[in-house]
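**Student:**
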Amino acid sequence: MKVYLLNCEDYVNSDVAPFKNDLFEDFDLQPILETMSKNDKYVYQACRSIMLAPSGDRKNILHRQNALKEAIDNKKYIFQLYVTISETFTDLINQRDRMKKETNSTLPAVRVLNSIDTLNMLFNGLENLKKVIIDANNHFEPGIFRNFFEQFLKEYDDAFIERMQEKREALREIQMGGEVKISGKIGRGMKCDSLIVNSITKTTVKRKFEKWDSLFGTKVKKNEIRVSYDNISMSQDCMNLQNTALLHVASCFEDFNKEISKLFDTLRAQIAFFYGCCNLHTHMNGMAYRLCFPEISERYHAIEAECIYDLVLAIRTLKRPMDNTFRSNDTMLYLITGVNQGGKTSFLRSVGTAQIMSQCGMFVPCKSMKTSIFRGIFTHFVRNEDETLNSGRLEEELFRLNRIVDTMNPGSLLFMNESFATTSEKEGAAMADEIIRALNENQVTVFFVTHIYAYAKKAYAERYPFTKFFETERNERNENTYRIVEGEPTQTGYAMELYRKHIGL
Amino acid sequence: MTSLFSPVKGLSFEMVSALTAPDYFDDLNLPEYINVVLEEPDDAELRPYFYYASKTKNEAAYRQSVAKDLCDPDIRAAVNRFILGIIVSRRYQMLSEKTESVQKWKWRLDTIVQYYDSIELFCSDLQQMPPKSEALLTLRDELNKIITSADVVNLRKQAGDINDEFEKMKFRLTIGKDNAVLDFDYSDDDYCNEIRSEFLRSEESADSHSFTESPFGDMNVSPLENFILEQFMKRNRPLFRNLETFCGINRNIITTEVSDIVREFRFYLLNLDYMARMKVKNFPITFTKFSEDREVNLDDCYDIVLAEKNSSENKEIVFNDIMKSGTETAIIVTGPNQGGKTTLARSFGQAAYFTAMGLPVAANSAKMPFFDRIYTLFASMTGNTVEGRLEHELDLIKSTLDSVSKESLVIFNELFTSASTVDALSMMRDLMSRLIAKGAILFVVTHTFELAYDSDNYVSLVATVVEDGSFRRTFRLIRKPADGVAYANSIVDKYKLDYEHIKVRLSNKR
Numbered sequence: 033m034k035v036y037l038l039n040c041e042d043y044v045n046s047d048v049a050p051f052k053n054d055l056f057e058d059f060d061l062q063p064i065l066e067t068m069s070k071n072d073k074y075v076y077q078a079c080r081s082i083m084l085a086p087s088g089d090r091k092n093i094l095h096r097q098n099a100l101k102e103a104i105d106n107k108k109y110i111f112q113l114y115v116t117i118s119e120t121f122t123d124l125i126n127q128r129d130r131m132k133k134e135t136n137s138t139l140p141a142v143r144v145l146n147s148i149d150t151l152n153m154l155f156n157g158l159e160n161l162k163k164v165i166i167d168a169n170n171h172f173e174p175g176i177f178r179n180f181f182e183q184f185l186k187e188y189d190d191a192f193i194e195r196m197q198e199k200r201e202a203l204r205e206i207q208m209g210g211e212v213k214i215s216g217k218i219g220r221g222m223k224c225d226s227l228i229v230n231s232i233t234k235t236t237v238k239r240k241f242e243k244w245d246s247l248f249g250t251k252v253k254k255n256e257i258r259v260s261y262d263n264i265s266m267s268q269d270c271m272n273l274q275n276t277a278l279l280h281v282a283s284c285f286e287d288f289n290k291e292i293s294k295l296f297d298t299l300r301a302q303i304a305f306f307y308g309c310c311n312l313h314t315h316m317n318g319m320a321y322r323l324c325f326p327e328i329s330e331r332y333h334a335i336e337a338e339c340i341y342d343l344v345l346a347i348r349t350l351k352r353p354m355d356n357t358f359r360s361n362d363t364m365l366y367l368i369t370g371v372n373q374g375g376k377t378s379f380l381r382s383v384g385t386a387q388i389m390s391q392c393g394m395f396v397p398c399k400s401m402k403t404s405i406f407r408g409i410f411t412h413f414v415r416n417e418d419e420t421l422n423s424g425r426l427e428e429e430l431f432r433l434n435r436i437v438d439t440m441n442p443g444s445l446l447f448m449n450e451s452f453a454t455t456s457e458k459e460g461a462a463m464a465d466e467i468i469r470a471l472n473e474n475q476v477t478v479f480f481v482t483h484i485y486a487y488a489k490k491a492y493a494e495r496y497p498f499t500k501f502f503e504t505e506r507n508e509r510n511e512n513t514y515r516i517v518e519g520e521p522t523q524t525g526y527a528m529e530l531y532r533k534h535i536g537l
Numbered sequence: 011m012t013s014l015f016s017p018v019k020g021l022s023f024e025m026v027s028a029l030t031a032p033d034y035f036d037d038l039n040l041p042e043y044i045n046v047v048l049e050e051p052d053d054a055e056l057r058p059y060f061y062y063a064s065k066t067k068n069e070a071a072y073r074q075s076v077a078k079d080l081c082d083p084d085i086r087a088a089v090n091r092f093i094l095g096i097i098v099s100r101r102y103q104m105l106s107e108k109t110e111s112v113q114k115w116k117w118r119l120d121t122i123v124q125y126y127d128s129i130e131l132f133c134s135d136l137q138q139m140p141p142k143s144e145a146l147l148t149l150r151d152e153l154n155k156i157i158t159s160a161d162v163v164n165l166r167k168q169a170g171d172i173n174d175e176f177e178k179m180k181f182r183l184t185i186g187k188d189n190a191v192l193d194f195d196y197s198d199d200d201y202c203n204e205i206r207s208e209f210l211r212s213e214e215s216a217d218s219h220s221f222t223e224s225p226f227g228d229m230n231v232s233p234l235e236n237f238i239l240e241q242f243m244k245r246n247r248p249l250f251r252n253l254e255t256f257c258g259i260n261r262n263i264i265t266t267e268v269s270d271i272v273r274e275f276r277f278y279l280l281n282l283d284y285m286a287r288m289k290v291k292n293f294p295i296t297f298t299k300f301s302e303d304r305e306v307n308l309d310d311c312y313d314i315v316l317a318e319k320n321s322s323e324n325k326e327i328v329f330n331d332i333m334k335s336g337t338e339t340a341i342i343v344t345g346p347n348q349g350g351k352t353t354l355a356r357s358f359g360q361a362a363y364f365t366a367m368g369l370p371v372a373a374n375s376a377k378m379p380f381f382d383r384i385y386t387l388f389a390s391m392t393g394n395t396v397e398g399r400l401e402h403e404l405d406l407i408k409s410t411l412d413s414v415s416k417e418s419l420v421i422f423n424e425l426f427t428s429a430s431t432v433d434a435l436s437m438m439r440d441l442m443s444r445l446i447a448k449g450a451i452l453f454v455v456t457h458t459f460e461l462a463y464d465s466d467n468y469v470s471l472v473a474t475v476v477e478d479g480s481f482r483r484t485f486r487l488i489r490k491p492a493d494g495v496a497y498a499n500s501i502v503d504k505y506k507l508d509y510e511h512i513k514v515r516l517s518n519k520r
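Protein chains in written order, with our numbering: chain A, 33 to 537; chain B, 11 to 520.
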């Protein structure tokens with residue numbers, strides 16, 4: 033059974049984030065994922081992999097938005113679904129651990145028992161899940177979840193559950209001691225070969241004379257030869273053969289096991305995401321932060337937001353961060369300059385996070401947002417991690433940029449933070465100018481936080497097309513407001529700041 | 011019988027298994043390569059084949075065409091079937107030696123049937139998809155001769171007749187709580203189908219299926235099996251007598267030649283499989299084109315051992331080009347330490363080795379002459395004293411000079427580091443002129459860059475560093491005059507990140 037909660041039916045995989053670790057690091061997504069997962073490792077991983085795979089498929093994004101809206105309206109049931117599925121998994125994992133300890137015992141009998149145990153667990157899990165789904169089905173409005181619930185209830189209807197019960201009973205009977213008919217041939221080396229189980233039946237009560245005959249291993253019918261169990265090795269052979277046959281039959285339930293396990297697997301991953309989103313939603317609501325579902329524009333490279341804030345900063349500081357508003361007029365380059373610690377990186381992160389969340393079908397941290405679907409989302413942030421190779425950083429930087437250019441398509445979105453700062457300003461400006469111009473001309477939208485004043489000044493003076501200039505805002509007392517506002521780039525005294533920091537005045 | 015290694019017939023496993031690793035193996039990291047390729051301890055018997063490099067260009071080309079044939083998926087599949095068939099028949103033969111009486115004869119019958127069936131299938135497979143190599147064509151004809159000889163045709167006829175009778179032996183066993191009943195009303199009803207039709211909801215077919223694992227082991231008959239067998243013996247004594255007579259006469263069917271061929275095939279397949287896996291990981295693999303005029307042109311070559319290691323650690327590997335014209339006699343590699351020079355020397359040596367093995371080389375494209383001998387002299391750590399080390403190096407050089415031929419490759423890596431620069435330079439000059447006089451091609455990694463200017467026929471390769479004052483290594487080696495200082499180049503150029511290039515790179519994707 034296919035589950036179309038997270039993705040719509042005709043969804044084609046269109047992951048737009050090739051460099052997932054970079055997104056994760058540069059936008060600092062960990063606090064968001066921690067809030068979503070509430071210490072559940074599985075939810076963390078599920079949400080991580082989904083959030084790091086923003087989609088390029090408009091239909092699918094809208095589908096997920098709708099599903100998420102339904103989930104947020106029914107948080108209680110999403111929670112119940114997740115808990116029920118997790119419990120089944122816990123049972124299965126415990127059993128698997130137990131089986132691992134028992135691997136010494138390869139006795140077919142033990143393996144038959146284990147195989148039936150697994151079956152029982154999955155079956156119970158299915159029954160429990162069915163209960164929750166029946167309940168939820170009565171509360172959800174018609175929509176994506178309801179479709180799934182109804183399909184589930186049809187697939188695993190009462191008649192199916194009944195038939196399943198029967199077979200399980202039969203298997204249990206056989207364990208208690210039934211009659212197994214096996215046909216075979218004489219194969220290579222005179223060994224029995226092509227063994228096939230013809231039937232398994234409950235033992236019938238034997239008539240007296242048959243029992244008597246069996247004691248002597250004599251013929252009862254023509255062409256029939258009795259094999260007496262008085263001979264220990266013969267009886268052991270027969271028992272082994274019977275157990276192997278049972279195990280073989282039990283393996284026929286494998287398909288069913290696999291199907292249900294797979295259903296639980298898929299469902300768990302999908303519900304975990306909705307559960308995570310619900311947690312995040314509750315958390316942010318609790319702090320009275322605004323969240324909204326973005327409008328997914330059909331236009332290309334347009335992105336604008338009203339009162340957008342840095343979700344990560346909000347979660348980390350438990351304080352409402354400054355918010356920003358910006359519009360797009362076919363803007364291809366958002367050039368952000370200004371003082372250090374003025375909120376530039378935070379701005380970049382707020383937009384980047386919101387764009388990822390938008391393309392994941394999630395709500396976003398702002399009052400309203402209207403955005404296009406970008407064919408790729410990339411980050412190029414300056415890295416300080418390897419201090420020993422400090423002077424080789426330009427090489428490292430361009431190496432990464434080269435990888436990005438290799439991978440990206442026109443219609444992508446690139447967030448650059450302090451790129452080209454590892455060389456002289458003159459060289460950096462020339463590089464930035466060439467690279468960004470070429471990117472823009474190929475329909476790559478760029479958000480660029482930079483200290484390269486020479487470059488920003490040139491772009492501003494020459495009125496670069498489709499470019500907007502942003503500055504860190506200062507109040508009348510010349511203090512940072514941590515807001516980003518449109519305006520002419522000004523020399524920030526970055527060099528002096530650095531000089532002060534390193535040399536001291 | 012023909013061999014896959016040499017156009018000269020009669021290569022025996024005994025001869026190969028006496029070989030030991032050539033001297034250059036350790037320097038080129040080839041033992042590590044072998045260890046990775048021979049994953050299973052079972053494959054240990056293949057080890058000596060690695061030491062058996064071609065002695066002539068003719069032989070190398072002969073092997074290469076075998077390897078090329080085996081890259082054809084159809085031929086490879088046929089070879090795999092053949093190998094498996096022969097391995098199975100060998101196992102039956104082994105079982106017939108270990109078991110007694112009636113079982114012994116049946117295993118032997120199974121050996122005969124399986125063995126000739128495998129050969130016949132292989133011949134017809136190769137008839138349908140003809141190989142191109144001389145080796146496989148000859149092998150096919152030889153095997154065909156065996157299979158069509160009157161003796162073998164007659165033998166298979168008799169074996170087949172007896173086997174048919176055994177194929178008919180079927181029984182049914184009803185295992186109850188108190189006893190079991192044996193009868194002969196064989197049925198192919200499959201109880202599993204009943205369950206599977208209920209629970210099989212995927213589209214897989216519900217074929218009737220028998221057990222894959224027998225509870226009775228795979229060699230001797232168990233008491234129950236023996237009991238069943240006795241019932242059949244009672245019913246058809248003449249058949250069992252026939253079996254015994256027939257198999258008593260025909261023993262040891264499998265020839266050592268066929269066993270050797272299987273081993274040789276396995277050697278090729280293991281290597282080719284390994285290289286195919288490298289290719290999947292985006293490491294280029296190619297067959298060498300032999301150059302007539304001593305030209306070398308290796309495009310994007312790399313150290314296959316390092317590539318395997320780095321890719322498993324998610325580290326990058328750098329590809330380099332090695333080029334020299336037919337008249338150029340030596341390649342001189344200079345540049346900073348840890349700049350990829352030794353790796354390049356290994357890459358080149360490995361390419362020469364794999365070419366001599368007839369196997370593909372680790373490069374994007376490869377053209378080079380056949381080298382009948384490979385000499386490697388890597389900076390020696392042997393000997394506790396400076397004099398000891400130099401002495402050890404000079405010993406090796408002496409034996410190299412004594413045996414080097416005009417088709418040889420000599421690789422020096424940082425030789426004479428224990429001597430003064432002036433001394434090292436004059437020793438190198440003398441040594442190189444001697445070797446070149448003998449016709450060898452030299453690949454010299456050295457810190458004395460002056461060497462590169464000694465002759466117009468020397469190619470100079472320089473390990474490059476980043477031009478930002480960091481001297482960070484790129485592991486790229488570029489053909490340019492050796493200057494003894496770090497090679498500086500614009501990184502932007504290197505990554506093609508200027509305006510024009512980016513525009514082209516992106517607009518190609520529209």
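Don't be surprised by glycine CBs; every beta carbon is placed ideally from N, CA and C.
Quick check: the Cα distance between K506 (chain B) and V517 (chain A), rounded to an integer number of angstroms?
**Tutor:** If you take the alpha carbons of K506 (chain B) and V517 (chain A), they lie about 35 Å apart.
**Student:** Which whole-angstrom value describes the C-beta separation of M139 (chain B) and A190 (chain B), a residue pair presumed to lie in contact below a C-beta threshold of 8 Å?
**Tutor:** Going by Cβ atoms, the distance from M139 (chain B) to A190 (chain B) rounds to 50 Å, so no, they are not a contact pair.
**Student:** Starting from the C-beta of E305 (chain B), find all residues in its chain whose C-beta is less than 8 Å away, skip the five residues before and the five after it, and write them out in chain order.
**Tutor:** So the list reads K334, S335, G336, K377, M378, P379, once near-sequence residues are dropped.
**Student:** Less than 7 Å between CB atoms is the rule here; does T184 (chain B) satisfy it with respect to chain E?
**Tutor:** Here chain E cannot be found, since the structure's protein chains are A and B.
**Student:** Could you tell me if S360 (chain A) is buried or exposed, where buried requires 16 or more neighbouring beta carbons within 10 angstroms of its beta carbon?
**Tutor:** Buried, since its Cβ has 16 or more Cβ neighbours within 10 Å.
**Student:** Does the beta-carbon of K376 (chain A) have 16 or more other beta-carbons within 10 angstroms, so that it is buried, or is it exposed?
**Tutor:** Buried, because 16 or more other Cβ atoms sit within 10 Å of the Cβ of K376 (chain A).
**Student:** Helix, strand or coil: how does DSSP classify I528 (chain B) here?
**Tutor:** Nothing about residue 528 (chain B) can be read from this structure; chain B reaches only from 11 to 520.
**Student:** Taking 7 Å as the CB-CB limit, is S400 (chain A) close to chain B?
**Tutor:** Chain B contact via Cβ: absent.
**Student:** Looking at the secondary structure, which residues open and close the beta strand (DSSP E) in which Y514 (chain A) lies?
**Tutor:** Y514 (chain A) -> beta strand (DSSP E) spans 512-518.
**Student:** How long is the line joining the alpha carbons of T12 (chain B) and F329 (chain B), rounded to whole angstroms?
**Tutor:** Roughly 38 Å between the two C-alpha positions.
**Student:** Looking at the C-beta of A527 (chain A), does it have a partner C-beta in chain B at a distance below 7 Å?
**Tutor:** Low local confidence applies: a pLDDT of 37 at A527 (chain A) is under 50, so the model's placement there is unreliable, and no value is given.
**Student:** Pull out every residue of the region 246-278 of chain B whose Cβ sits closer than 8 Å to any Cβ of chain A, in chain order.
**Tutor:** Within the region 246-278 of chain B, no residue qualifies.
**Student:** What does the alpha-carbon distance come out to for the pair T298 (chain A) and D465 (chain A)?
**Tutor:** Near 47 Å, if we compare the C-alpha coordinates of D465 (chain A) and T298 (chain A).
**Student:** Go through the region 106-184 of chain A residue by residue and report every complete run of the alpha helix (DSSP H) that reaches 4 residues or more, in order.
**Tutor:** You should have 107-133, 140-169.
**Student:** So if DSSP puts C324 (chain A) in a beta bridge, which residue, or which two residues, is it bridged to?
**Tutor:** C324 (chain A) is bridged to A:V396.
**Student:** At what residues does the beta strand (DSSP E) containing K244 (chain B) begin and finish?
**Tutor:** Looking at the DSSP string, K244 (chain B) is not in any beta strand (DSSP E); the run it does join, the alpha helix (DSSP H), is 233-245.
**Student:** Is there a Cβ from chain B that is less than 7 Å from the Cβ of Q197 (chain A)?
**Tutor:** It does not; no Cβ of chain B falls within 7 Å.
**Student:** Would you mind sorting V268 (chain B) into buried or exposed? The rule is 16 or more other CB atoms within 10 Å of its CB.
**Tutor:** Label assigned to V268 (chain B): buried.
**Student:** Can you list the residues of chain B that P86 (chain A) reaches, using a CB-CB cut of under 9 Å?
**Tutor:** Neighbours of P86 (chain A) on chain B: none; closest Cβ ~19 Å, over 9 Å.
**Student:** Of all the CB atoms in chain B, is at least one closer than 7 Å to the CB of R220 (chain A)?
**Tutor:** Closer than 7 Å to some Cβ of chain B, the Cβ of R220 (chain A) qualifies, so yes.
**Student:** If the cut-off is 9 Å on Cβ atoms, which residues from the region 43-75 of chain A count as contacting chain B, listed in chain order?
**Tutor:** Residues passing the 9 Å Cβ filter: none.
**Student:** What first and last residue would you give for the alpha helix (DSSP H) that runs through A376 (chain B)?
**Tutor:** Run containing A376 (chain B): none in the alpha helix (DSSP H); it sits in the beta strand (DSSP E), 375-378.
**Student:** Cα separation between T526 (chain B) and A85 (chain A)?
**Tutor:** This structure cannot speak to residue 526 (chain B), because chain B is shown only from 11 to 520.
**Student:** Nearest-angstrom Cα distance between D84 (chain B) and T298 (chain B)?
**Tutor:** Roughly 23 Å separates the two Cα atoms.
**Student:** Can you confirm whether the region 186-199 of chain A touches the region 170-178 of chain A when touching is taken to mean that 3 or more C-beta pairs between the two stretches lie within less than 8 Å?
**Tutor:** Flag = no, the region 170-178 of chain A and the region 186-199 of chain A do not touch.
**Student:** Does the distance from the C-beta atom of D283 (chain B) to that of A373 (chain B) stay below 7 Å?
**Tutor:** Their beta carbons are not under 7 Å apart, which means D283 (chain B) does not touch A373 (chain B) by this criterion.
**Student:** Given that S260 (chain A) touches chain B, what residues does it touch there, using C-beta distances under 8 Å?
**Tutor:** What S260 (chain A) touches in chain B: N189.
**Student:** Quick one: is E235 (chain B) near chain A, going by C-beta distance under 7 Å?
**Tutor:** Answer yes: the Cβ-Cβ gap between E235 (chain B) and chain A drops below 7 Å somewhere.
**Student:** Quick one: list the residues of chain B neighbouring N474 (chain A), beta-carbon separation under 7 Å, in chain order.
**Tutor:** Per Cβ cutoff of 7 Å: K513, L516, S517.
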